[in-house]
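Read the structure below first, then the notes.
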Amino acid sequence: MISFGFWNLLIVILVALVLKNNWRLDDDKAVWKNSLFLKSPVIQQLMQFFRQPIVSFIVQAGIVLVVTRFLCYTGWLVYLLNQPDPRFWDFEWFYVASKLAHQHLSPFNAEIFHQGFCNQTKGCGFIPPFVYPPNIIPLIWFLGYFSINTAFKISIVMHILAIGLALWGANILLESKSRALRTICTISVALIYGLVRDLQVGNIAIFVAVLILWMFILAIKHQDIPAGICLGIAVCKPTLAALFILYFLLKRRFSIVFVSVVIVTSLVFLGLALTDNSLTQFLADASRGFPLWLNTPSNSPYLSTSRIDLEVVGPRLFPQNPFIAKLFSDLIVLILVGLVGWYWYLQQSLTAWSKEIYLPEMVLVSCLSIAINYSQYTSTVMLIPAVVFLLNDLLYQIRDCTFSWKRMSVWLAGVCALAVQTAVIHGWLFGFLANRWNGKAEESPYIMRVTIFALPSYAILGITLSILILAISSLGQKQVLKFEPLNRISE
């Protein structure tokens, strides 16, 4: 796991000292002393167990090693960036698209993109087409001015900055001001697999997730113009962001929708102009390229081991019956959307159809964005708000509730489902098993395809349902939070 050389030992010691200095409850300590939740016999026994010296040492050592592992990942970055011929993964598609746009060629045409990919990289043979919308071209245009190695280094730096913004935004939404809870929040968010995987492969999911996160923070503060700009840019990956436009329409926050539509439209026509393309030609190219892209092993719901959306559940359970497989997946999605819609109706009824933006709503829309549409492991960065919600809900139980096995069981189910999407489980366990069969689902046993390899999809369903149950159960017990920590943005 970690090579305990001299430099690693120094990092371990440094991490231990930093965590020790930040492991304080501060103002929350007085509140927790009077907590009925913590006075429960079950919680008291659990606390006594963790106070045992050997147990306490194991927990502390585990936390230190996990944080150290994440920090040591920077060593991998230094190593990667100094390789003469590193692997660029997803980044190659964005770089080739930018280069073709500089030549006023359409990257949306499968044949043109294939030829450009073969010329710009060493990858020839069958290449999945570029299926992003035209509004992404102005955003990646700058990549074409550099060599692929330099552009990739720039991308890595941008990813690191985006991770910093994601951690900052998550701490803003956290209700507690104590250093201990903020440290837990930071570590929990950093462990999400997509955060590291997106950095490694050079995808853009982290940028979309950060834009959505800060759009939400700005929308809460009624800063609609910058919120709309964030949403408009984020729609460069519509599978993750387009659902939020519908959400703001339902919330009657029309100024956000208007600004985002203006931004999207401007970027679309600018992208078409830069590629010397037309809207009709783009639609024709997309209609030819999308089926080719969807049927590649890494994207096909029947073959992919990396997809985490619910549309792959049916094909994995019923691989010999496409009609039943599609019907089963669609039924799950419809039921889930219906339940979220029911919660939204209850929420709006209790708040007199308010235009205010609330965390549970945002979390559920984020979960739906990766549950009902095509999504892969990099898209798990959209679960950052879910981490904050579960921590806030635990704080709510400690401060304002007595211990309840039912509610705590639902909360633990959500935590376990979220743990599946961490680098520890998703990155190591599933990655190891996928490599065992060379990443080909059809080579693995059927029982593996419907259990282990489908577990990330089941986890997305579990996270959404647990958050939905916790949110509904809280409607009649507390006022929806106004997020006082957000005031720090304006300071």
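Per my numbering, residue 22 is the first one in the sequence shown, and the count goes up by one each step.
Note that the Cβ used here is the ideal one computed from N, Cα and C, for glycine as well.
With 16 other Cβ atoms within 10 Å as the buried cut-off, status of residue i
| i | result |
| --- | --- |
| HIS243 | exposed |
| LYS272 | buried |
| TRP449 | exposed |
| SER197 | buried |
| GLY185 | exposed |
| ARG470 | buried |
| LYS41 | exposed |
| THR399 | buried |
| THR326 | buried |
| LEU430 | Here residue 430 turns out to be Ser, not Leu, going by the sequence shown. Flag for SER430 reads exposed. |
| THR472 | exposed |
| TRP114 | buried |
| PHE147 | exposed |
| PHE112 | buried |
| GLY215 | buried |
| ALA307 | buried |
| TRP365 | buried |
Nearest-angstrom beta carbon gap, residue j and residue i [assumed within contact, 8 angstroms]
| i | j | result |
| --- | --- | --- |
| ILE233 | SER387 | 7 angstroms |
| VAL334 | ILE353 | 6 angstroms |
| LEU489 | ILE393 | Not a contact, Cβ separation roughly 14 angstroms. |
| VAL436 | LEU476 | No, VAL436 and LEU476 are not in contact; Cβ-Cβ is about 15 angstroms, not under 8 angstroms. |
| GLN368 | LEU496 | 7 angstroms |
| ARG328 | ARG200 | With 8 angstroms as the limit, ARG328 and ARG200 do not qualify as a contact, their Cβ atoms being about 38 angstroms apart. |
| CYS257 | ILE177 | Actually they are not in contact, since the Cβ atoms of CYS257 and ILE177 sit about 19 angstroms apart, beyond 8 angstroms. |
| VAL76 | VAL33 | Incorrect: roughly 20 angstroms between the Cβ atoms, too far for contact. |
| ALA262 | VAL229 | 6 angstroms |
| ILE238 | ILE193 | 6 angstroms |
| VAL289 | PRO154 | 7 angstroms |
Cα-Cα separation, residue i to residue j
| i | j | result |
| --- | --- | --- |
| VAL547 | ALA183 | Absent from the structure is residue 547, since the part of the chain shown begins at 22 and ends at 512. |
| GLY460 | ARG309 | Unreliable positioning characterises GLY460 in this predicted model, as indicated by a pLDDT of 49, which lies under 50. A coordinate reading is not provided. |
| LEU64 | PHE58 | The sequence as given places Ile at residue 64; Leu does not occur at that position. Rounded to whole angstroms, ILE64 to PHE58 spans 8 angstroms at the Cα level. |
| VAL408 | HIS125 | 43 angstroms |
| ALA305 | PRO406 | 37 angstroms |
| ALA294 | LEU164 | 17 angstroms |
| TRP162 | GLN136 | 19 angstroms |
| SER209 | LEU411 | 11 angstroms |
| VAL39 | VAL222 | 30 angstroms |
| GLU382 | LEU252 | 16 angstroms |
| THR513 | ALA187 | Nothing about residue 513 can be read from this structure; the chain reaches only from 22 to 512. |
| PHE71 | VAL80 | 8 angstroms |
| SER127 | VAL152 | 11 angstroms |
| GLN302 | GLN341 | 36 angstroms |
| MET22 | THR89 | Residue placement at MET22 is poorly supported in this model, since its pLDDT is 42, which falls under 50; the coordinates still yield a value, given next. Their Cα atoms are separated by approximately 10 angstroms. |
| ALA255 | LEU195 | 23 angstroms |
| ILE391 | PHE453 | 23 angstroms |
| SER425 | ALA434 | 14 angstroms |
| LYS376 | PRO247 | 17 angstroms |
| ALA240 | LEU270 | 13 angstroms |
| GLN66 | LYS54 | 16 angstroms |
Closest Cα partner of residue i within the set the options
| i | options | result |
| --- | --- | --- |
| LEU264 | MET429, VAL361, PRO105 | VAL361 |
| VAL217 | ILE481, VAL402, VAL409, LYS174 | VAL402 |
| PHE78 | PRO107, ALA37, LEU46, GLN66 | ALA37 |
| THR207 | GLY215, LEU355, GLY190 | GLY190 |
| PRO150 | LEU433, SER319, LEU404 | SER319 |
| LEU415 | TRP432, THR399, LEU121, LEU404 | TRP432 |
| GLN104 | ILE148, PHE275, ASN170 | ASN170 |
| ALA492 | TYR467, LEU371, ILE473, ILE468 | LEU371 |
| THR260 | TRP365, TRP235, ALA226 | ALA226 |
| ARG337 | ALA240, PRO466, TYR323 | TYR323 |
| ASN513 | GLU132, TRP110, ARG203, ASN130 | In this structure the chain extends from 22 to 512, so residue 513 is not present and cannot be described. |
| LEU267 | TRP235, LEU389, ALA82 | LEU389 |
| SER494 | TRP363, GLN397, PHE474, PHE451 | TRP363 |
Beta-carbon proximity list for residue i, same chain, < 8 angstroms, skipping 5 on both sides
| i | result |
| --- | --- |
| LEU212 | VAL87, PHE91, THR443, ALA444, VAL445 |
| SER299 | LEU293 |
| ILE205 | LEU412 |
| PHE109 | TYR116, THR142, ILE169, PHE173, GLY223 |
| THR423 | LEU57, PHE58, SER61 |
Beta-carbon contacts of residue i that lie in its chain and below 6 angstroms, excluding the five residues immediately before and after
| i | result |
| --- | --- |
| PHE339 | ILE345, ALA346 |
| GLY249 | ILE277, VAL280, SER281 |
| ILE175 | none |
| ALA438 | ALA480, GLY483, ILE484 |
| CYS139 | CYS145 |
| LEU385 | VAL361 |
| ALA118 | PRO128, PHE151 |
Heavy atom of the ligand ADP within 8 angstroms of residue i beta-carbon
| i | result |
| --- | --- |
| LEU331 | Among the components modelled here there is no ligand, and therefore nothing to report on the ligand ADP. |
Cβ of residue i within 9 angstroms of any chain B Cβ
| i | result |
| --- | --- |
| MET236 | The displayed structure is made up of one protein chain only, and chain B is not part of it. |
Cβ-based neighbour list, residue i, same chain, cut-off 7 angstroms, excluding 5 preceding and 5 following
| i | result |
| --- | --- |
| ARG420 | VAL52, SER56 |
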